[in-house]
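Under this note's numbering, think of the first position of the first sequence as 4, with each following residue one higher. Even for Gly, the Cβ is constructed at its ideal location relative to N, Cα and C. Quick caveat, the model's predicted, so the values are computed rather than measured. Notes to accompany the following structure.
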Amino acid sequence: MNKIVQTAITPTREEDYPEWYQQIVKASDLAEKSPVRGCMVIKPWGYALWENMVRVLDEMFKATGVKNAYFPLFIPLSFLEKEAEHVEGFAKECAVVTHHRLEKGADGGLVPAGKLTEPLVVRPTSETIIGDSFAKWVSSYRDLPVLINQWANVVRWEMRTRTFLRTSEFLWQEGHTAHATAEEAMERTRQMLGVYATFVEEYLAIPVIQGEKTPSERFPGAVDTLCIEAMMQDRKALQAGTSHFLGQNFAKSSGIRFQSATKQEEYAWTTSWGASTRLIGGLIMTHGDDDGLIMPPRIASAHVVLLPIIRKASERQSVMEYVGQLADALREKVYGGRRLVVEIDDRDIGGARGWEWIKKGIPIRVEIGPRDIAADSVFFARRDGAHQEKQSLKRPDFLEKISEILDQIQANLFARALRLRKDHTVCIDDQDEFNRFFTPQNPEKPEIHGGFSLSRWCGSAECEAETKERLMVTIRCIPFEKGPNEVGPCVCCGRPSDRRVIFAKAY
RNA sequence: CGGGACAUGGCUCAGUCUGGUAGAGCACAGCGUUCGGGACGCUGGGGUCGCAGGUUCAAAUCCUGCUGUCCCGACCA
């Protein structure tokens, strides 16, 4: 009977990280598999998290002058064909609509009928169709800049999917802007990357490194791609947001032209930038532990769960009344720009009830029983602490300190994640050491190993490709923040270089 | 798209080798006892064994094909 379970999630991160990820998604009630290949059902607990992300990001975008709009899900094939690199980049993963009607087939089933004259591509991204609109909207430099964002779903027919990290359909926002000068467009590209970095660090409590992609890792059709990279607990890198300077590539293919102040006809300079439901995957892999998810308070689906302890039926009414009043008082409080979200769970399912909320990652669990009511105090546990660590506060003190406690959790999660990244970020100059760093002890079932290596790179695509081929390690970014600039050998070919880049295995 | 593993109730799995009418634990529903860290008893509901063929008196079990899932690659947010 004494089944001793040490962790709520099996296996642990250490035992089998990919499997732990699958299990935590299930146990935390964020999402589940759908009948559709590669697509997920985002459940209310997960969607609330997304809604919070949307709300905060949307405000941040608007604060920079961006306005929302919506463009079609379907993109004419001919649009996609306009930009050569773009086609090449996305052609392999496009879902294509070819018919517009279903008819009864011979075997009683439905078969597509009514072939379209031009196939429609389900948007993998919207540069081309938004470019078409921009071309109509822009005729003079006075029309610029155009600053647009859309919240949408996109489809990329992936070969291998992982819930939240890579699904065939996902939710995201894509910002698209057009400017009169390259400088202004480049500035916007950087600005939006900064928005992502601020959002991910301050709300998701995920430390990121801002940098520039190498040419081989650029968005198809971009002149320059900027990104934020985060380290997950298995020490692999996750790209958490990207911002692209598209030069005049899409302006030329879509015909976004304007007359300048000096009466010259010029092509506009465009940018695009996006962040997706993948951020939820990043949040899970940054903060989750072997007991389940841990949600940073500022983005959490809910902040507090109240768990009434009812020993006798006769106590029920008084306990529930007290709990209801505490909930009301908490809901008056504003934290991180929104009112506290409080759940009350009075199900009679024993200790399993508390564990469910641990797995769901709610920041604070409160137990309210007759003893607490008698003392007018609140007995609570923080999700960022050990599950048996609980403290008691007088109710007025709890109400007064709740924001402070949530802030502590938020700060603690960020500090922990930053610590992990620091502990596994190294400067490697020697090639043998580099190889050892990225080679698992057990190649059959690789253990958690490696991390971020700040190593010199000569700048050649060959060295990049060779490293990827040999070790499955790629250059995640060329960080904006320059390290020590002394010249030394490229970690791959030995040619001199003063540029350190982040090498890592990636999602 | 290559290489491997797997597919039996909501979940985890047994049963497959050796063919003979579908099982367990957990979860779920009802009742009672419980409740401050993964409760217990009784009762009950729920599965055309991934799909399609084939062999056979008889298929979860043997054979063929397909589909899906997971892991490892290639590709990508």
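Coarse secondary structure for M162, derived from DSSP in three states: In the structure shown, M162 sits in coil (DSSP, three-state: anything other than H, G, I, E or B).
At what residues does the alpha helix (DSSP H) containing P47 begin and finish? Segment 47 to 66, the alpha helix (DSSP H) holding P47.
Quick one, which of P115, V494, Q194, A377 has its alpha-carbon nearest T101's? Nearest to T101 by C-alpha distance, out of P115, V494, Q194, A377, is P115.
According to DSSP, is W460 part of a helix, a strand, or is it coil? Taken through DSSP and simplified to helix, strand or coil, W460 comes out as coil.
Which residue marks the beginning of the beta strand (DSSP E) containing M234, and which one marks its end? It spans 227 to 234 - the beta strand (DSSP E) in which M234 sits, taken as one unbroken run.
Could you pull out every residue in the same chain whose Cβ sits closer than 8 Å to the Cβ of T131, ignoring the five residues on either side in sequence? Within the same chain, Cβ atoms closer than 8 Å to the Cβ of T131 are found at I78, F82, L83, K85, E86, H89, F253, S256, S257, the five residues on either side in sequence being excluded.
For G388, which of P299, P148, L119 has the nearest alpha-carbon? Just measuring C-alpha positions, the residue of P299, P148, L119 sitting nearest G388 is P299.
May I ask you to report which of helix, strand or coil DSSP gives D292? In this structure, DSSP gives D292 an extended state, which the three-state scheme calls strand.
From the DSSP output, read off the bridge partner residues of R169. Answer is R165, bridged to R169.
For R238, tell me which candidate among T228, P210, Q251 has the shortest Cα-Cα distance. The alpha carbon of R238 has as its nearest neighbour, out of T228, P210, Q251, the alpha carbon of P210.
Suppose the cutoff is 7 Å on Cβ atoms and the five residues either side in sequence are ignored; what does the same chain contact list for D32 look like? Contacts found: K46, W48, K363.
Would you kindly check if the distance between the Cβ of I287 and the Cβ of V57 is under 8 Å? For V57 and I287, no; Cβs fall outside 8 Å.
Quick check on this structure: which residue in E177, E204, V69, S279 has the alpha carbon closest to the alpha carbon of S129? Selection E177, E204, V69, S279 evaluated against S129 yields E177 as nearest (Cα-Cα).
Could you check the C-alpha separation between E62 and A243 for me, to the nearest Å? A direct Cα-to-Cα measurement between E62 and A243 gives close to 19 Å.
Less than 7 Å between C-beta atoms, sequence neighbours within five positions excluded: which residues of the same chain meet that for L168? Here the set comprises R281, G284, Y510.
Check whether the stretch 363 to 379 and the stretch 270 to 280 touch, using three or more Cβ-Cβ pairs below 8 Å as the test. Because the criterion of three Cβ pairs below 8 Å is not met, the stretch 363 to 379 and the stretch 270 to 280 do not touch.
Do N152 and V203 come within 8 Å of each other at the CB atom, strictly closer than that value? V203 is not a Cβ neighbour of N152, given a cutoff of 8 Å.
So, do the stretch 153 to 166 and the stretch 185 to 195 have three or more beta carbon pairs nearer to each other than 8 Å? Judged by Cβ distances under 8 Å, the stretch 153 to 166 makes no contact with the stretch 185 to 195, as fewer than three pairs qualify.
Which residue marks the beginning of the beta strand (DSSP E) containing F483, and which one marks its end? The continuous stretches of beta strand (DSSP E) do not include F483, and DSSP gives it neither H nor E.
Give me the DSSP bridge partner(s) of N415. Among the bridge pairs identified by DSSP, N415 is matched with none.
DSSP puts K70 in a beta bridge; with which residues? K70 is bridged to I151.
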